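Enquirer:
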Amino acid sequence: MNAAPLHLAIVGGGPTCTYVLERLAALVRGRRDPVALEIVVYDLSGEFGPGQVHSPDQTRTSYLNRVVGQVAFAADESVVDAGPLLSAVERPTLLEWCRKKFEETGDPIYDMVAEDWPKRFVHGEALRDQFNGYVEILRATEGVEVTLRQAEVVDLEERGDRFAVLTADGAPAYEADYVLMLTGHSSNRPELDPRQAHLARFAAEHEARLVPSAYPLERSLDPAYTGPGTTVACLGMGLTGIDVLLYLTEGRGGTFERDADGELHYVPCGAEPDSIVAFSRSGLFTFARPYNEKERDIASLEYKGPFLTAGAVTELRRTVGVPNVIGGAPKRQLDFERHVFPLILLEMALLQYGVQYGPEFREAAIAAARPAYEKFLADADAFADHQEAGEFLVAPVEELALAVGERVDDVLAGRTALAVHAGGGPADPESAGLP
Ligand SMILES: Cc1cc2nc3c(=O)[nH]c(=O)nc-3n(C[C@H](O)[C@H](O)[C@H](O)COP(=O)(O)OP(=O)(O)OC[C@H]3O[C@@H](n4cnc5c(N)ncnc54)[C@H](O)[C@@H]3O)c2cc1C
């Protein structure tokens, strides 16, 4: 074991810190020669694991923007060169964590399948559990100490080979060999940001209140100035805008109810603002992600492109790559735009027309594109630019699609004629010249 312990300070105890502690836990526990290591984690909010963004105490109206099946808290067998792994029970995915929690509590909020959207506070609860689990593993490892400090780090001072970590509470500085800055999202002081300063002036002139940062919603959107009798203007219609709208409506006690026609109607509770005006440069809400069933069985349901494969990239490196050092090792460098982007265009064309015309078309299109594809792999630099290469690759797929499209149009035209006859009197397809 090293005689003097290594001192590591981590500033920010949110999700990224959780992932760092997971890697440290797996690495130090797996060592034959124990390591003396002192870790101090600072977080100004004290929300160790979830951080402020994913706080378990936040409103229940905010959702995570990922489906449950896409979230994990640790490296697993799928991560190349991850190093040692924790045991499977120590690293549940969010889905496994939710299933277990549902078994324990029976609370339907945890009754999730892979393609469900979790509430953000649920993600925060899982992060907190995982963070605590990793800290426990580290603390149980010989030579390792972990300290959690709720404090704001305000400066780092260089002292020889070390950094002194200074906190707002004036506690004696901690001298660290390494400092990891994992401070994530932070809001700026509005008076120092020219865009916000002019909003602040406007608000002052019109006796309005400017909320420079909406989070945490429970603190920023006080009912005293966002309740009945007020108008709330929401600058921005992205994910934060949606969080705000939900919080000011459902979060206040209103409900969305479906009528007999299946239409959703909002039933107010009386605690909302009188009106909410949401605006942005585009005037559009951010687009919702499509419903994603792939998470049920990634292996069989995830789309796999036949052209932009690891093998194709290896071949391109061989034929047109320029000798370089990448990640410390010699590797032949590709130019993304010239060498990779044309293959993305080909994959997109195949996917679009494959969905439009079905699996048989897809197989035929793959075969039709093959000669051009192989020519490209053999010498991608023979083309003037990515545009010329893209057109060359996509042309066989488009030609096939055009031919199939014309046939489909013919068939559809035939069906249309038949339908006119059927509706307009005694149908006689043969006399109409239809099959
Ligand atoms: C409102 C919001 C919603 C989001 N939703 C999603 C989502 O649904 N899905 C998704 O994938 N990503 C989402 N994100 C992106 C988000 O960046 C990541 O999910 C994640 O929070 C990043 O983790 P982090 O640990 O790097 O940073 P953060 O989560 O920001 O955590 C940083 C931590 O550092 C602490 N800190 C900061 N400065 C100091 C200091 N000087 N001293 C001590 N402590 C300090 C903070 O208190 C905080 O707890 C969202 C971000 C926001 C702002």
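Counting along the sequence shown from 1, when you hit position 175 you're at 175 in our numbering, and nothing is skipped either side.
The beta-carbon is built from N, C-alpha and C at its ideal position, and this holds for glycine as well.
Note that the coordinates shown come from a computational prediction; the quantities given were computed from them, not determined experimentally.
#1: When the Cα atoms are used, what is the spatial distance from residue 115 to residue 392?
#2: How would you write the range of the beta strand (DSSP E) that residue 162 sits in, first residue to last?
#3: Take residue 353 and list the residues in its own chain whose beta-carbon comes closer than 7 Å to its own, dropping the five residues that flank it on each side.
#4: Can you list the alpha helix (DSSP H) stretches of 4 or more residues lying completely in the segment 68-123, in chain order?
#5: From this set, 265, 102 and 151, which residue's C-alpha is nearest residue 254's C-alpha?
#6: Which residue spans inside the segment 3-32 form an unbroken beta strand (DSSP E) run of at least 3?
#7: Could you check what DSSP says for residue 37 in three-state terms: helix, strand or coil?
#8: At what residues does the alpha helix (DSSP H) containing residue 301 begin and finish?
#9: Output yes or no for whether 8 Å exceeds the beta carbon distance between residue 278 and residue 228.
#10: What number of angstroms, rounded off, separates the C-alpha of residue 74 from the C-alpha of residue 93?
#11: Does DSSP put residue 176 in a helix, in a strand, or in coil?
#12: Below 7 Å, is the gap between the Cβ of residue 194 and the nearest heavy atom of ligand 1?
#13: To which residues of the same chain is residue 344 closer than 8 Å at the C-beta, ignoring the five residues directly before and after it?
#14: So, do the segment 89-103 and the segment 43-52 have three or more beta carbon pairs nearer to each other than 8 Å?
#15: Between the C-alpha atoms of residue 350 and residue 69, what's the straight-line distance to the nearest angstrom?
#16: State the CB to CB distance for the pair residue 13 and residue 43, rounded to an integer number of angstroms; the pair is presumed to be in contact (CB under 8 Å).
#17: Would you say the beta carbon of residue 213 comes nearer than 7 Å to a heavy atom of ligand 1?
#18: With a threshold of 7 Å (Cβ to nearest heavy atom), would residue 183 be considered close to ligand 1?
#19: Relative to ligand 1, is the shortest distance from any of its heavy atoms to the C-beta of residue 300 smaller than 7 Å?
#20: So, at 6 Å on beta carbons, what are the nonlocal neighbours of residue 232 in its own chain, with the 5 sequence-adjacent residues on each side left out?
#21: Is the distance from the Cβ of residue 41 to the Cβ of residue 148 below 8 Å?
#22: Per DSSP, what are the beta-bridge partners of residue 232 in this structure?
#23: Spell out the partners DSSP gives residue 322 in its beta bridges.
#24: Comparing alpha-carbon positions, which option in 29, 164 and 252 lies nearest residue 142?
#25: On the three-state DSSP scale, how would you describe residue 206?
#26: State the start and end residues of the unbroken alpha helix (DSSP H) segment that holds residue 374.
#27: On the criterion of 16 or more Cβ atoms from any shown chain inside 10 Å, does residue 9 qualify as buried, or is it exposed?
#28: Residue 266 bridges to which residues according to DSSP?
#29: Determine contact between the segment 330-341 and the segment 381-395, defined as no fewer than three beta-carbon pairs at a distance below 8 Å.
Expert: Quick answer:
#1: 38 Å
#2: 162-167
#3: 361, 365, 397 and 401
#4: 94-105
#5: 265
#6: 6-11
#7: strand
#8: 298-301
#9: no
#10: 8 Å
#11: strand
#12: no
#13: 308
#14: no
#15: 27 Å
#16: 3 Å
#17: no
#18: yes
#19: no
#20: 226, 273 and 276
#21: yes
#22: 276
#23: 333
#24: 29
#25: coil
#26: 359-378
#27: buried
#28: 256
#29: yes
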